[in-house]
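Each residue of the sequence shown is one higher than the last, beginning at 12 in our numbering. Where is the CB? At the ideal position from N, CA and C, for every residue including glycine.
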Amino acid sequence: MLARKSPVLIETPEGRIRRTGLSASPEAHPVEVSLALREKGLRAYRVEYDFESDAWIVRVIDWDLAA
């Protein structure tokens with residue numbers, strides 16, 4: 012039986028949602044999602060699971076905006 016996966020989405024500062032191409036189990040720990048994003052070169056500072064949309068919602072540090 013296949014494990015259920017949920018998409019990992021990035022929420023931008025403007026409130027838009029962007030796909031990452033990653034997916035994770037709803038039972039995963041936020042640190043596991045954060046480490047998967049780090050492998051893609053993104054640094055997450057907030058990772059939470061949204062039960063209503065059945066997706067991981069992540070905020071990342073955008074160094075271009077911070078500079």
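query                                                                                     : result
For SER45, the three-state DSSP class (helix, strand or coil)                             : helix
For GLY26 and VAL42, the rounded distance between their alpha carbons                     : 23 Å
Residues near VAL58 by beta carbon distance below 7 Å, same chain, minus five either side : PRO41, VAL44, SER45, TRP67, VAL69
Span of the beta strand (DSSP E) around ARG57                                             : 55–61
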